[in-house]
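Peer 1: Numbering (the working numbering), first residue to last: 99 to 777.
Glycine is no exception: its CB is placed at the ideal position from the N, C-alpha and C atoms.
Treat the numbers as computed from the prediction; the structure is a model and nothing was measured.
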């Protein structure tokens with residue numbers, strides 16, 4: 099009888115568990131060459147033949163054709179006739195820890211018998227197990243009276259229990275967990291009924307993978323509690339758990355006496371478990387304010403990726419179903435239990451990067467960075483949504499901006515180019531060193547300086563005036579499309595249209611086409627004729643400058659800073675509200691301690707203007723930035739304020755002048771600094 103080695107066994111389980119998996123995915127996941135994967139498939143098919151089962155066939159596209167009889171045989175009793183598969187060191191270490199977590203009075207003989215390895219091998223594995231447990235401040239101790247036991251904070255021991263059980267079941271199924279922990283079928287049946295009761299009471303449906311692990315986690319946690327291993331206290335504020343429906347359900351369904359801390363932990367397990375579906379949040383749920391944050395995240399992604407999602411509310415709901423449990427995993431340090439089966443593919447690499455840039459509102463909401471394993475699930479969901487509506491990052495022109503002049507200059511140039519080329523996806527602004535390390539797939543590189551050895555670099559100035567913008571757009575569109583709009587003959591367009599349709603008003607159509615084709619050139623000419631460039635001092639007269647010692651919040655600072663613009667009719671109150679509602683995008687921080695909050699013209703701008711608020715003690719923008727200078731910008735278009743903005747950037751980039759402006763006591767003194775930069 100042919101026996102499978104560990105690698106071939108895992109690959110077979112992977113294919114049976116996920117028939118749509120491809121050869122490429124398997125090669126990446128198990129770090130195999132195409133030849134090694136082919137060898138494993140020969141072994142698998144030999145094993146199938148020895149069990150009188152049909153072979154698994156591979157298509158040219160790397161997908162698999164699997165006969166139904168294979169599913170029945172492989173899934174029968176979890177692992178039929180495969181217990182002879184040799185355990186890897188990693189698997190043995192996991193099972194040793196699992197036994198230590200769930201059984202008592204263990205001797206070396208127990209481990210050698212259960213794992214079928216020599217004492218020397220088990221002792222070596224014990225050292226690896228201890229190395230793993232060190233990060234949780236847990237030690238493996240031995241005494242003749244008690245045998246091998248774990249000693250350390252009980253909450254850390256429960257964290258290890260959660261990780262080991264979740265990881266093992268996700269990768270290997272539940273068969274070994276049942277055997278090693280000595281859980282009886284009756285025990286498991288009882289706890290499965292309890293999980294069913296949770297689903298019914300909470301009106302949710304756990305994912306199949308999590309549904310398999312939950313009865314074991316519940317049973318083994320309660321076993322430790324009954325054995326006298328009690329969690330004494332959980333640090334921090336847990337009001338978000340206590341106010342949840344899950345906390346109430348644990349108290350209602352688990353009738354046996356459990357401590358407050360145990361109830362918190364079991365509630366947390368439910369809160370961190372992924373679901374297929376869930377009903378609307380109860381009004382008392384602590385995360386009722388999360389959906390608007392997800393909306394902000396989606397808008398940021400749309401803006402960065404140049405897409406508009408259809409049925410955005412459904413996408414928001416799908417993201418919420420993942421992000422709600424992720425919130426609790428991240429906040430309470432349980433993200434390590436999220437196993438990623440498939441890494442981010444090459445096709446999704448740029449999507450993943452843009453998702454990473456879009457989750458800042460969510461990170462502020464949680465109060466912590468989002469780890470990559472959690473982020474990957476969001477990327478796959480958003481990437482799948484793009485695919486379904488026919489969007490592809492491959493088809494878009496993607497660009498990076500390289501600027502060695504510092505963060506503030508880089509941010510402004512990035513924003514200018516994003517506005518100048520709204521049809522392009524601008525992935526990031528990079529320093530020269532970051533550029534050479536960048537692994538993103540991009541079409542264009544905009545740089546303020548030459549990049550050695552790079553031919554296809556579009557050089558541009560750090561500050562773009564109107565002539566620069568027009569010239570740069572023509573150059574780039576010629577390179578990307580092979581033409582610019584102004585080179586298109588309106589007469590030729592009219593001939594083409596006339597040959598294919600009936601024109602009802604030739605004069606009106608010709609005028610409309612002419613305006614469209616020459617819109618960029620006419621816009622610049624109009625700008626030259628209609629206005630002389632305004633300077634920073636024109637935008638910031640003395641009655642637009644305020645100095646305060648202290649402000650208790652960013653929102654309050656916005657209100658104070660906007661008062662002169664409201665008083666003089668530049669903006670409406672709706673503009674202030676729009677700024678408050680906006681995501682705190684780091685790109686409004688143009689220099690250390692200097693911010694330029696703004697909203698869209700349609701949010702309530704009557705005239706172009708600026709106002710300055712200096713907060714001596716600073717006001718918190720986020721966990722990393724404190725702002726001392728806030729310049730509110732109200733613009734009716736993208737041009738009129740640009741010269742003043744350039745001068746503001748110049749001022750903000752001069753550390754000595756910037757610090758003096760923050761220190762100066764009177765608006766008149768501040769205005770003198772502003773006037774020096776208004777040339």
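1. Report the residue from 657, 662 and 609 whose alpha carbon sits nearest the alpha carbon of residue 676.
2. Comparing C-alpha positions only, which one of 429, 666 and 751 sits nearest to residue 692?
3. So, with DSSP's three-state summary, where would you put residue 249?
4. Note down the Cα distance separating residue 54 from residue 479, rounded to an integer number of angstroms.
5. What are the partner residues of residue 156, as DSSP defines its beta bridges?
6. Would you list the residues sitting across from residue 544 in a DSSP beta bridge?
7. Applying the criterion that 16 or more other CB atoms from any shown protein chain within 10 Å of the CB defines a buried residue, is residue 380 buried or exposed?
8. Are the Cβ atoms of residue 363 and residue 200 separated by less than 7 Å?
9. For residue 227, count the other beta carbons within 10 Å of its own beta carbon; 16 or more makes it buried, fewer makes it exposed. Which is it?
10. Would you check if there are 3 or more beta carbon pairs closer than 8 Å linking the stretch 695-705 to the stretch 665-672?
11. Would you call the CB atoms of residue 316 and residue 359 closer than 7 Å?
12. Sort 536, 707 and 236 by Cα distance to residue 447 and report the nearest one.
13. Could you give the uninterrupted runs of the beta strand (DSSP E) lying entirely in the stretch 259-315, keeping only those of 3 residues or more?
14. Ignoring anything shorter than 3 residues, give me the beta strand (DSSP E) runs that lie fully in the stretch 665-704, in order along the chain.
15. I'd like the list of long-range same chain contacts for residue 119, defined as Cβ closer than 7 Å, with 5 residues on each side in sequence excluded.
16. Does the count of Cβ pairs from the stretch 409-417 and the stretch 451-459 closer than 8 Å reach three?
17. If you draw a straight line from the C-alpha of residue 709 to the C-alpha of residue 501, how long is it?
18. So, are the CB atoms of residue 385 and residue 422 less than 7 Å apart?
19. Please confirm whether residue 611 and residue 591 have their CB atoms less than 7 Å apart.
20. CB residue 267 to CB residue 329, shorter than 7 Å?
21. When the Cα of residue 774 is compared with those of 638, 271 and 728, which residue comes out closest?
22. What is the DSSP secondary structure of residue 383, counted as helix, strand or coil?
23. Using only alpha-carbon positions, find the residue among 674, 162 and 655 that is nearest to residue 719.
24. Near residue 351, what residues of its chain come up, given a Cβ to Cβ distance below 7 Å and the 5 sequence neighbours on each side ignored?
25. State the DSSP-derived secondary structure class of residue 107, mapped to helix, strand or coil.
26. Could you say which of 714, 734, 603 and 396 lies nearest to residue 650 if we only look at CA atoms?
27. Using DSSP bridges, identify the partner residues of residue 237.
28. Between the beta-carbon of residue 209 and the beta-carbon of residue 195, is there less than 7 Å?
29. Between the alpha carbons of residue 698 and residue 733, how many angstroms are there, rounded?
30. Suppose contacts are defined by Cβ-Cβ distances below 7 Å. Is residue 138 in contact with residue 105 by that definition?
31. Please identify the residue among 488, 424 and 466 whose C-alpha is closest to the C-alpha of residue 721.
32. Which residues in the same chain as residue 463 place their Cβ atom closer than 6 Å to its Cβ, once the five residues preceding and following it in sequence are excluded?
33. Please report the residue range of the alpha helix (DSSP H) in which residue 727 lies.
34. Taking the alpha-carbon positions, what's the residue 524 to residue 212 distance?
35. Can you tell me which residues form a DSSP beta bridge with residue 709?
36. With distances taken from CA atoms, which of 314, 271, 247 and 245 is nearest residue 279?
Peer 2: Put simply:
1. Taking the first residue of the chain shown as position 1, residue 676 is located at position 578. Ranking the options by Cα distance to residue 676, first place goes to 657.
2. Numbered from its first residue, the chain shown carries residue 692 at position 594. Nearest C-alpha to residue 692: 751.
3. Position 151 of the chain shown, counted from the first residue, corresponds to residue 249. Reduced to three states, the DSSP call for residue 249 is strand.
4. Residue 54 is absent from the model: the chain starts at 99 and stops at 777.
5. Counting from one through the chain shown, the residue named residue 156 turns up at place 58. According to DSSP, which records beta bridges pairwise, residue 156 is partnered with 162.
6. Indexing the chain shown from 1 puts residue 544 at position 446. Looking at the DSSP assignment, residue 544 forms a beta bridge with 499 and 556.
7. As a working mapping, residue 380 is identified with position 282 in the chain shown. Counting Cβ neighbours within 10 Å, residue 380 comes out exposed, since fewer than 16 surround it.
8. In the chain shown, residue 363 corresponds to position 265, counting from 1. In the chain shown, residue 200 corresponds to position 102, counting from 1. Taking 7 Å as the Cβ cut-off, residue 363 and residue 200 do not qualify as a contacting pair.
9. To locate residue 227, count along the chain shown from 1; it is residue 129. With 16 or more Cβ atoms within 10 Å of its Cβ, residue 227 is classed as buried.
10. yes
11. Indexing the chain shown from 1 puts residue 316 at position 218. Indexing the chain shown from 1 puts residue 359 at position 261. Cβ distance not < 7 Å, so residue 316 and residue 359 don't count as in contact.
12. Against the chain shown, residue 447 aligns to sequence position 349. The shortest C-alpha separation from residue 447 is found at 536.
13. 302-304
14. 687-689
15. Within the chain shown, the letter at position 21 stands for residue 119. Taken in chain order, the residues that qualify are 112 and 113.
16. no
17. Residue numbering aside, residue 709 sits at position 611 when the chain shown is read from its first letter. Residue numbering aside, residue 501 sits at position 403 when the chain shown is read from its first letter. One C-alpha to the other measures close to 29 Å.
18. Taking the chain shown and counting its residues from 1, the one referred to as residue 385 is at position 287. Taking the chain shown and counting its residues from 1, the one referred to as residue 422 is at position 324. Yes; because the gap between Cβ atoms is below 7 Å, this pair is in contact.
19. Looking up residue 611 in the chain shown gives position 513. Looking up residue 591 in the chain shown gives position 493. Taking 7 Å as the Cβ cut-off, residue 611 and residue 591 qualify as a contacting pair.
20. As a working mapping, residue 267 is identified with position 169 in the chain shown. As a working mapping, residue 329 is identified with position 231 in the chain shown. Not in contact: residue 267 and residue 329 (Cβ atoms no closer than 7 Å).
21. Mapped onto the chain shown, residue 774 falls at position 676. Measuring from the Cα of residue 774, the nearest candidate turns out to be 638.
22. Translated into the one-based positions of the chain shown, residue 383 becomes position 285. Three-state result, residue 383: coil.
23. The residue labelled residue 719 in the question sits at position 621 within the chain shown. Closest by alpha carbon: 655.
24. Within the chain shown, numbered from 1, the residue matching residue 351 stands at position 253. The residues are 292, 295, 296 and 299.
25. Numbered from its first residue, the chain shown carries residue 107 at position 9. Correct three-state label for residue 107: helix.
26. Against the chain shown, residue 650 aligns to sequence position 552. Ranking the options by Cα distance to residue 650, first place goes to 714.
27. The residue you call residue 237 lines up with position 139 of the chain shown. Partner(s): 249.
28. Numbered from 1 along the chain shown, position 111 holds the residue referred to as residue 209. Numbered from 1 along the chain shown, position 97 holds the residue referred to as residue 195. No, Cβ-Cβ distance for residue 209 and residue 195 is not below 7 Å.
29. In the chain shown, the residue the question calls residue 698 occupies position 600. In the chain shown, the residue the question calls residue 733 occupies position 635. Those two C-alpha atoms are separated by around 8 Å.
30. Translated into the one-based positions of the chain shown, residue 138 becomes position 40. Translated into the one-based positions of the chain shown, residue 105 becomes position 7. In contact: residue 138 and residue 105 (Cβ atoms closer than 7 Å).
31. Taking the first residue of the chain shown as position 1, residue 721 is located at position 623. It is 466 whose Cα lies nearest to the Cα of residue 721.
32. Taking the chain shown and counting its residues from 1, the one referred to as residue 463 is at position 365. Contacts found: 391.
33. For the purposes of this step, residue 727 is identified with residue 629 of the chain shown, where counting begins at 1. Element bounds for residue 727: not the alpha helix (DSSP H) but the beta strand (DSSP E), 724-732.
34. By 1-based counting over the chain shown, the position of residue 524 is 426. By 1-based counting over the chain shown, the position of residue 212 is 114. The alpha-carbon atoms of residue 524 and residue 212 are separated by roughly 56 Å.
35. As a working mapping, residue 709 is identified with position 611 in the chain shown. Its beta-bridge partners are 730.
36. What you label residue 279 is simply residue 181 of the chain shown in a count that begins at 1. The shortest Cα separation from residue 279 among 314, 271, 247 and 245 belongs to 314.
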